[in-house]
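Asks:
Number of protein chains: 2
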Amino acid sequence: MTADRGSPPVREIGVALLGLGNVGAGVVKLLEDNAAAIGARLGGRLVVRAIAVRAPGKKKRLVEVDPALLTKDIAGAIARPDVDIVCELIGGDGEAKDAVMAAIAAGKHVVTANKLLLARHGTEVFAAAERHGVDVYYEAAVCGGVPIIRVLREGLASDRVEQFHGIVNGTSNYILTAMAAGGRAFADVLAEAQRLGYAEADPTLDVGGGDAAHKLAILCGLCFGATIDADAIHCDAISELDAVDFAYAAKFGYVIKPVVIGRDHPRGIEARVHPALVPAGWLLAGVTGAKNAVAVDSYALGPSMYYGAGAGMMPTAMAVVSDLIEISRNLRAQLTGVAPTRRHRALARRPLLPMAEIRSRYFLRFSVADKPGVLGQLTTILGAHDVSIEQVVQEAPGDGNRPAQVFVITHEAREGDVAAALGKIGALPATLAAPRLIRIVV
Amino acid sequence: MTADRGSPPVREIGVALLGLGNVGAGVVKLLEDNAAAIGARLGGRLVVRAIAVRAPGKKKRLVEVDPALLTKDIAGAIARPDVDIVCELIGGDGEAKDAVMAAIAAGKHVVTANKLLLARHGTEVFAAAERHGVDVYYEAAVCGGVPIIRVLREGLASDRVEQFHGIVNGTSNYILTAMAAGGRAFADVLAEAQRLGYAEADPTLDVGGGDAAHKLAILCGLCFGATIDADAIHCDAISELDAVDFAYAAKFGYVIKPVVIGRDHPRGIEARVHPALVPAGWLLAGVTGAKNAVAVDSYALGPSMYYGAGAGMMPTAMAVVSDLIEISRNLRAQLTGVAPTRRHRALARRPLLPMAEIRSRYFLRFSVADKPGVLGQLTTILGAHDVSIEQVVQEAPGDGNRPAQVFVITHEAREGDVAAALGKIGALPATLAAPRLIRIVV
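So the sequence lines, in the order shown, correspond to chains A and B. If you use the working numbering, the first sequence corresponds to residues 68 to 509, in order. If you use the working numbering, the second sequence corresponds to residues 68 to 509, in order.
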């Protein structure tokens, strides 16, 4: 046995930070604020040896750091012999990917919060890590500070995940929570979120589902051992939702949430990102504001849920530093480079299940001419496509001028059938606007 | 570096099961049902070599096992040279403690679901494990399958837990959920729970809070690095609750839940077990039926919550087998005996904060004579003891015969002051029954 026992001498573990934005500054701050507790748990010290930034001369930073640590030289920071762990907080898959691959090749362990990198290039990154005998940890890449990666990789190691539902984009959840509470329009709430710093100036990645899709791909890897094409995941933006959708969802007993859903089918992985009606009694429906959660259904444990801050300086930094601690513990125990074999399942490339083949319940909204027989036409077309109706509500002003609104909750149906029915209904002379579809989680 | 790389030969890890009750049977079943997935994650095989039971000849078991594995000889099962890990599922701190200490002394790693053993003798058990260079894992001891131990030990390793609220006894939560939903009496629901197998024939440990106190002591160790006297933790039984408490809690916007609370104070650890009013909007209030959850507030992450099945054959077995996998991974990586130094904080013996010194908000119920001036007497006494009132509702039948009920929600107050005030109010001639106190989580 090689583990050091008793009271090993205090050792310093050297860290190179790549990036000193929000999360990087949080890492520096947390290492200082919790130094005593971290030292006690680690029996050693995590020391930042270098911080690679774009402009080392910049005066105004989120956290005070020794200017001597700052450098533009990413390669130099990685190569320092006193650096054991490289912490990549640059983001994206350009410079960040080069840096991660260089660190691995140099035999340095890697901690990253980069969901895009792992969603697109995870197989390549982990294969390189295994070849070079180093560890890659990425707890902060999904749900920020919520330790969902450890939970799935270790806590549920003996279980078999059947499906999961997640709220993994805080910006979207903030917006939908505010829309539901105030009966407000999307654009209005988005503008407010941007003012408050909850949404980026270009909110596309958040509200369009791209950010959530990257996290979903990583979760599918952990849950189903599957590598899927992250960029091909079906995403519906939340920007199409109207206040009336929230009002009627509530009448039917649902809350609209920005969800990701993953399921393993023999013919492929069902993975999708879209707003969905969640039963108001579910815990997931109570996840409000910018908070994240993942609800997992697994064979032995049954339903379980993991909830917390999915973004933000200190929560994300917490996940990064917990990864640094884990690697440091392994380093102190002279155990490293086993993460690939100890921690990861072999991933198999799997196809995505085509959206036409998924099964769901649906909330449908039709804007139609307020005339006799129209409701009959709608329901006949739905029935002809094997879409059976659980509840229907018609709101007809009755003055013959304004459109009637028809709201339908369906039983479980095949998405391809629903789409075909909506196509036919959309082409009816009585239909005044494109039919709206929101999926219901079941 | 000592880790085996590439494709190490498949190795068998030998396990001795002590006990083949509900959880033991679940372990056997899960190892069979998920054999392929477990093998893939482990790159090896977990093999049960011996099962120690009270009556090896017994015919009817929850799961079919090879009769050759069954033995009465606990010491013999532990001593087998082909056993690497001893899985203690006997419970209690008699025979089970002897077995765990014997396994550790024999250099065997231990997985246990025994909360009582760890709550009472954790310091001794972990010290022995460190001395003998073996690991002791106990994920199943708290909240069954919910991986709360891993979350606190690893996921939040860089954070500082400030307080936590937990629902850690499924039987109590089942009973209070049913009482709240149906306006039913405690005894009625308990009898039903016993018929359905949710409650033991002797429910004292569950409904009296003893079981929760053991789990609370373990959580305080993980969160605060504190060893506390588990048997001295303040417990209020849920059996004192009346249907009227649930009704008025709901009117004030609360749900009554069986909670444990842990907080670190300079002068001691605040640790208590009692039913409490939880704001209806909190996620914890939505944890219903026999489910468990722990809501943690920590410095960097802020609020987070972990939810799932806290008991039951398969959920508990899942936690046990995940621990077996973790130790097996370490064994395969030739890394064992580092759990004490890698995984545990040094625990310091800390005093419990006396209940008189805790601060809380309170829900108070008084049964008093329906006469003028009585409400004034109550509120005057409360005010004289620094207990200020947030809301008060009086239900007076007005016929001068039946008692009036007074319901009070207080602002935060010191428990010693509240107790003194209730003592005085209880002694008033107008008071017809002992005043009732239920704490409110804030």
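Beta carbons are placed, not taken as given, at the ideal position from N, Cα and C, and that holds for glycine.
Decide if P502 of chain A is buried, meaning its Cβ has at least 16 other Cβ atoms within 10 Å, or exposed.
Replies: Within the first sequence, the letter at position 435 stands for residue 502 of chain A. By the neighbour-count rule (16 or more Cβ atoms within 10 Å), P502 of chain A is buried.
Asks: Does any residue of chain A have a CB that is nearer than 8 Å to the CB of R432 of chain B?
Replies: Here residue 432 of chain B corresponds to residue number 365 of the second sequence, with the count starting at 1. Chain A contact via Cβ: absent.
Asks: Against chain B, with Cβ distances strictly below 8 Å, would M381 of chain A count as a contact?
Replies: Locating residue 381 of chain A in the first sequence gives position 314, where the first residue counts as 1. Yes, M381 of chain A lies at the interface with chain B (some Cβ there is under 8 Å from its Cβ).
Asks: Using only CA atoms, which one of B:A252, B:A186, B:L97 and B:G174 lies nearest to G200 of chain B?
Replies: In the second sequence, residue 200 of chain B corresponds to position 133, counting from 1. Here the closest residue by C-alpha is B:G174.
Asks: With burial defined as no fewer than 16 other Cβ atoms inside 10 Å of the residue's Cβ, what is the status of T244 of chain B: buried or exposed?
Replies: By one-based count along the second sequence, residue 244 of chain B stands at place 177. Per the 10 Å Cβ criterion, buried.
Asks: Kindly indicate which three-state DSSP category A494 of chain B falls into: helix, strand or coil?
Replies: By one-based count along the second sequence, residue 494 of chain B stands at place 427. Coil, per DSSP.
Asks: For chain A, check one thing: does any of its Cβ atoms lie closer than 8 Å to the Cβ of G143 of chain B?
Replies: Position 76 of the second sequence, counted from the start, is the residue given in the question as residue 143 of chain B. Closer than 8 Å: no.
Asks: Along chain E, in chain order, which residues have C-beta atoms closer than 8 Å to that of Y241 of chain A?
Replies: The structure shown has no chain E; the protein chains it does contain are A and B.
Asks: At the 8 Å Cβ level, is D296 of chain B part of the contact set with chain A, yes or no?
Replies: In the second sequence, the residue the question calls residue 296 of chain B occupies position 229. Chain A, which has no Cβ nearer than 8 Å to the Cβ of D296 of chain B, makes this no.
Asks: Do we get a CB-CB distance below 8 Å when we pair E393 of chain A with the residues of chain B?
Replies: Numbered from 1 along the first sequence, position 326 holds the residue referred to as residue 393 of chain A. Yes, E393 of chain A lies at the interface with chain B (some Cβ there is under 8 Å from its Cβ).
Asks: Can the beta-carbon of S12 of chain A be found closer than 8 Å to that of L109 of chain A?
Replies: The structure shown does not extend to residue 12 of chain A, since chain A spans only 68 to 509, so no value can be given for it.
Asks: Going by alpha carbons, who is nearest to G493 of chain B out of B:A297, B:A436 and B:R227?
Replies: Within the second sequence, the letter at position 426 stands for residue 493 of chain B. Closest by alpha carbon: B:A436.
Asks: Is the separation between the beta-carbon of M380 of chain B and that of N89 of chain B shorter than 8 Å?
Replies: On the second sequence, residue 380 of chain B is found 313 positions in, with the first residue counted as 1. On the second sequence, residue 89 of chain B is found 22 positions in, with the first residue counted as 1. It is a contact, given that the beta carbons lie within the stated cut-off.
Asks: Counting only the same chain and skipping the five closest in sequence on each side, list residues whose C-beta sits under 7 Å from that of Y366 of chain B.
Replies: Taking the second sequence and counting its residues from 1, the one referred to as residue 366 of chain B is at position 299. Answer for Y366 of chain B: D226, R227 and E229, listed in chain order.
Asks: Which of the three DSSP states, helix, strand or coil, is assigned to C210 of chain A?
Replies: As a working note, residue 210 of chain A is residue 143 in the first sequence. Residue state, collapsed to three classes: coil.
Asks: Since Q461 of chain B sits in a beta bridge, which residues does DSSP pair it with?
Replies: Taking the first residue of the second sequence as position 1, residue 461 of chain B is located at position 394. DSSP lists B:V473 as partners of Q461 of chain B.
Asks: Write down every uninterrupted run of the beta strand (DSSP E) in the segment 322 to 400 of chain A whose length is 3 residues or greater and which is fully enclosed by it, in chain order.
Replies: Taking only runs of at least 3 residues, the beta strand (DSSP E) segments lying wholly in the segment 322 to 400 of chain A are 335 to 346, 358 to 365 and 369 to 376.
Asks: For the segment 280 to 296 of chain B against the segment 332 to 343 of chain B, are there 3 or more C-beta pairs whose distance is under 8 Å?
Replies: The segment 280 to 296 of chain B, when compared against the segment 332 to 343 of chain B, does touch it at the 8 Å Cβ threshold.
Asks: Using beta carbons (cut-off 8 Å, strictly below), is Y374 of chain B in contact with chain A?
Replies: By one-based count along the second sequence, residue 374 of chain B stands at place 307. By this cut-off, Y374 of chain B is an interface position.
Asks: First and last residue of the beta strand (DSSP E) that includes E155 of chain A?
Replies: Stepping through the first sequence from its first residue, residue 155 of chain A is reached at position 88. That run of the beta strand (DSSP E) goes I152 to E155.
Asks: List, in order along the chain, the chain A residues whose C-beta lies closer than 9 Å to that of V388 of chain B?
Replies: What you label residue 388 of chain B is simply residue 321 of the second sequence in a count that begins at 1. What V388 of chain B touches in chain A: A224, S225, D226 and A367.
Asks: Between the C-alpha atoms of G159 of chain A and K182 of chain A, what's the straight-line distance to the nearest angstrom?
Replies: Position 92 of the first sequence, counted from the first residue, corresponds to residue 159 of chain A. Position 115 of the first sequence, counted from the first residue, corresponds to residue 182 of chain A. So the two alpha carbons sit approximately 8 Å from each other.
Asks: Report all residues from its chain with a CB closer than 7 Å to the CB of I78 of chain A; omit the five preceding and five following residues, and keep chain order.
Replies: Here residue 78 of chain A is taken as the residue at index 11 of the first sequence, counted from 1. Checking the displayed sequence, the identity of residue 78 of chain A turns out to be Arg instead of Ile. Result list for R78 of chain A: G111 and R399, in chain order.
Asks: Look up G440 of chain B in the DSSP assignment and say whether it is helix, strand or coil.
Replies: As a working mapping, residue 440 of chain B is identified with position 373 in the second sequence. Coil.
Asks: Are V203 of chain B and V192 of chain B touching if we call contact CB-CB under 8 Å?
Replies: The residue given as residue 203 of chain B occupies position 136 in the second sequence. The residue given as residue 192 of chain B occupies position 125 in the second sequence. Taking 8 Å as the Cβ cut-off, V203 of chain B and V192 of chain B qualify as a contacting pair.
Asks: Between R217 of chain B and chain A, is the shortest Cβ-Cβ distance under 8 Å, so that the two count as touching?
Replies: For the purposes of this step, residue 217 of chain B is taken as residue 150 along the second sequence, with counting starting at 1. Closer than 8 Å to some Cβ of chain A, the Cβ of R217 of chain B qualifies, so yes.
Asks: Do the segment 418 to 438 of chain B and the segment 347 to 364 of chain B make contact, defined as three or more Cβ pairs closer than 8 Å?
Replies: The segment 418 to 438 of chain B vs the segment 347 to 364 of chain B: no contact.
Asks: Buried or exposed: L87 of chain B, going by 16 or more other Cβ atoms within 10 Å of its Cβ?
Replies: Taking the second sequence and counting its residues from 1, the one referred to as residue 87 of chain B is at position 20. It counts as buried.
Asks: I need the DSSP call for A119 of chain B, collapsed to helix, strand or coil.
Replies: Start at 1 with the first residue of the second sequence, and residue 119 of chain B comes out as number 52. Residue state, collapsed to three classes: strand.
Asks: Identify whether H176 of chain B lies in helix, strand or coil by the three-state DSSP scheme.
Replies: For the purposes of this step, residue 176 of chain B is taken as the residue at position 109 of the second sequence. Of the three classes helix, strand and coil, the one that applies to H176 of chain B here is strand, per DSSP.
Asks: What is the rounded straight-line gap between the Cα of E497 of chain B and the Cα of F433 of chain B?
Replies: Residue mapping note: residue 497 of chain B aligns to position 430 of the second sequence, counting from 1. Residue mapping note: residue 433 of chain B aligns to position 366 of the second sequence, counting from 1. It should be pointed out that residue 497 of chain B corresponds to Ala in this sequence rather than to Glu. Each residue's Cα considered, the two are about 10 Å apart.
Asks: I want to verify the contact list: residues of chain B whose CB lies under 7 Å from the CB of V104 of chain A, in sequence order.
Replies: Residue 104 of chain A sits at position 37 when you count from the first residue of the first sequence. It is worth fixing the name first, because residue 104 of chain A is Ala in this sequence and not Val. Those are R227, listed as they occur along chain B.
Asks: So, using beta-carbon positions, are G249 of chain A and A314 of chain A closer together than 8 Å?
Replies: One-based indexing of the first sequence puts residue 249 of chain A at position 182. One-based indexing of the first sequence puts residue 314 of chain A at position 247. No, they are not a contact pair.
Asks: Exposed or buried, what is G450 of chain B when buried is set at 16 or more other beta-carbons lying within 10 Å of its beta-carbon?
Replies: In the second sequence, residue 450 of chain B corresponds to position 383, counting from 1. So G450 of chain B ends up on the exposed side.
Asks: Answer with yes or no whether the minimum CB distance from R515 of chain A to chain B is below 8 Å.
Replies: Residue numbering for chain A in the displayed model covers 68 to 509; residue 515 of chain A lies beyond these limits and cannot be assessed.
Asks: In whole angstroms, what separates the C-alpha of A207 of chain B from that of A384 of chain B?
Replies: Taking the second sequence and counting its residues from 1, the one referred to as residue 207 of chain B is at position 140. Taking the second sequence and counting its residues from 1, the one referred to as residue 384 of chain B is at position 317. Cα to Cα, the separation comes out at about 8 Å.
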